[in-house]
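Working notes, beginning with the structure itself.
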Amino acid sequence: MGVVNVTPDSFSDGGVHLDAEVAAGAARRMFEEGAAIVDVGGESTRPGSEGVTAEEELRRIVPVLERLQGLVPVSIDTAKAAVARRALELGAELVNDVTAFRADPGLAEVAAEHDAYVCLMHMQGEPRTMQTDPRYDDVVSEVAAFLEERLRFAVASGVREDRICLDPGIGFGKTLEHNLELLRRLDVLLALGRPLLVGLSRKSTLGKIVGDPAATTGPVSASVAAAVVAYERGATILRVHDVRQHAEALAVVRALA
Ligand code: HH2
1167 MGVVNVTPDS FSDGGVHLDA EVAAGAARRM FEEGAAIVDV GGESTRPGSE GVTAEEELRR
1227 IVPVLERLQG LVPVSIDTAK AAVARRALEL GAELVNDVTA FRADPGLAEV AAEHDAYVCL
1287 MHMQGEPRTM QTDPRYDDVV SEVAAFLEER LRFAVASGVR EDRICLDPGI GFGKTLEHNL
1347 ELLRRLDVLL ALGRPLLVGL SRKSTLGKIV GDPAATTGPV SASVAAAVVA YERGATILRV
1407 HDVRQHAEAL AVVRALA
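Numbers 1167 to 1423, taken from this note's numbering, label the letters of the sequence shown in order.
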């Protein structure tokens, strides 16, 4: 899954894809480089971010989706029913909601009506405050219980279970150690029986591991290493900004399998 953030403030590509033509070009390039789907988002969820209105999100993403229609499989990264509805009308196939249908419960019905694929992600707190001292007794079992509950909610709202993938939400209300623990014990999340999506790409946790305690992003080299490990541990969808590098790394992994 390639990532195109049509935002001024995303943590690693903010401002890069604000122009619809540039954003659509980036999505087409990611598809050519090996992405099976490209996740288009009009709202940053980086730590500290405030959120934007549905009108502003639509203003950012609609011109991009119009340019990709029929050319590139698209996922819409939104927590708002109105935004998802328009994106699905414009051909998006997957609804990627970092709030797992908590911010806007109407989003579940919209996904169900369109028989869309869905990604349900774990987040503790909300972006504005989530990195202020996140705490868990056992991060893995708490994330698993949350995802199981949201999976049940989605199915009860009419989304077909075989349309749903789950995501531990790396960096969303989690310390470096929480993120590592989730990756070490990915098998516990796999036991929920749904495909796992993992987003490690350029995240600050990787920057911290390679030596900068104040990092807000991580390098591509570390992203690729983490993605390969997640893949070998059973993740099926890797959400990445640098598609070519990840596709090349996975080609080697597959050749060796
Ligand atoms: N991470 C980000 C955004 N959306 N969705 C899922 N399912 N999983 C993730 O790990 C995930 C996500 C954050 O990355 P990015 O989109 O690059 O930044 P921003 O939220 O600042 O736009």
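Beta carbons: idealized from backbone N, C-alpha and C, even for Gly.
Original post:
If you run the structure through DSSP and keep just helix, strand and coil, what is Tyr1283?
Top reply: Indexing the sequence shown from 1 puts residue 1283 at position 117. Residue state, collapsed to three classes: strand.
Subject >> Beta carbon of Leu1342 nearer than 7 Å to that of Thr1371 >> reply: Within the sequence shown, the letter at position 176 stands for residue 1342. Within the sequence shown, the letter at position 205 stands for residue 1371. For Leu1342 and Thr1371, yes; Cβs fall inside 7 Å.
**OP:** Within the same chain, show all residues whose beta-carbon is closer than 7 Å to that of Gly1337, passing over the 5 residues directly before and after it, in chain order.
**Re:** For this step, residue 1337 is matched to residue 171 along the sequence shown. So the list reads Asn1345, Lys1369, Ser1370 and Thr1371, once near-sequence residues are dropped.
Subject >> Val1264 burial status per 10 Å Cβ neighbour count (16 or more: buried) >> reply: Counting from 1 along the sequence shown, the entry for residue 1264 is found at position 98. Within 10 angstroms of the beta-carbon of Val1264 lie 16 or more other beta-carbons, which makes it buried.
**OP:** Answer with buried or exposed for Thr1219, where buried requires no fewer than 16 other C-beta atoms within 10 angstroms of its C-beta.
**Re:** On the sequence shown, residue 1219 is found 53 positions in, with the first residue counted as 1. Label assigned to Thr1219: exposed.
Original post:
Where Gly1208 and Ser1176 are concerned, what is the direct C-alpha to C-alpha distance, given to the nearest angstrom?
Top reply: Residue 1208 sits at position 42 when you count from the first residue of the sequence shown. Residue 1176 sits at position 10 when you count from the first residue of the sequence shown. Rounded to the nearest whole angstrom, the C-alpha separation of Gly1208 and Ser1176 is 9 Å.
Subject >> Check whether Ser1241 and Asp1205 have beta carbons under 7 Å apart >> reply: The residue labelled residue 1241 in the question sits at position 75 within the sequence shown. The residue labelled residue 1205 in the question sits at position 39 within the sequence shown. Yes, Cβ-Cβ distance for Ser1241 and Asp1205 is below 7 Å.
Subject >> Paired residues, beta bridge with Gly1168 - DSSP >> reply: Against the sequence shown, residue 1168 aligns to sequence position 2. According to DSSP, which records beta bridges pairwise, Gly1168 is partnered with Val1204 and Val1406.
Original post:
Would you say Val1409 and Ala1201 are within 7 Å of each other, going by their C-beta atoms?
Top reply: Indexing the sequence shown from 1 puts residue 1409 at position 243. Indexing the sequence shown from 1 puts residue 1201 at position 35. Cβ atoms of Val1409 and Ala1201: closer than 7 Å.
**OP:** With a cut-off of 8 Å on the beta carbons, I'd call Gly1365 and Met1296 a contact; round off their distance for me.
**Re:** Start at 1 with the first residue of the sequence shown, and residue 1365 comes out as number 199. Start at 1 with the first residue of the sequence shown, and residue 1296 comes out as number 130. Gly1365 to Met1296, Cβ: 15 Å. No contact.
Subject >> Assigned secondary structure, Leu1372 (DSSP; H/G/I helix, E/B strand, else coil) >> reply: Taking the first residue of the sequence shown as position 1, residue 1372 is located at position 206. Three-state DSSP puts Leu1372 in a helix.
Original post:
What runs of the alpha helix (DSSP H), each 4 residues or longer, lie entirely inside the region 1265–1343?
Top reply: Unbroken alpha helix (DSSP H) stretches of 4 residues or longer found wholly inside the region 1265–1343: 1272–1279 and 1305–1322, given in chain order.
Original post:
Mind checking Arg1212: buried by the 16 CB within 10 Å criterion, or exposed?
Top reply: In the sequence shown, the residue the question calls residue 1212 occupies position 46. By the neighbour-count definition (other C-beta atoms within 10 Å, threshold 16), Arg1212 is a buried residue.
Original post:
At a cut-off of 6 Å, is Asp1243 close to the ligand HH2 when judged by its beta-carbon and the heavy atoms of the ligand?
Top reply: Residue numbering aside, residue 1243 sits at position 77 when the sequence shown is read from its first letter. Yes, Cβ of Asp1243 sits closer than 6 Å to a heavy atom of the ligand HH2.
Original post:
Nearest chain C C-beta to Asp1304 closer than 7 Å, yes or no?
Top reply: Annotation note: the requested chain C is absent from the structure, which comprises a single protein chain.
**OP:** Give the single residue among Pro1385, Glu1314 and Val1306 whose Cα lies nearest to the Cα of Arg1351.
**Re:** Here the question's residue 1351 lines up with position 185 in the sequence shown. Comparing C-alpha distances from Arg1351 to each of Pro1385, Glu1314 and Val1306 shows the shortest one belongs to Val1306.
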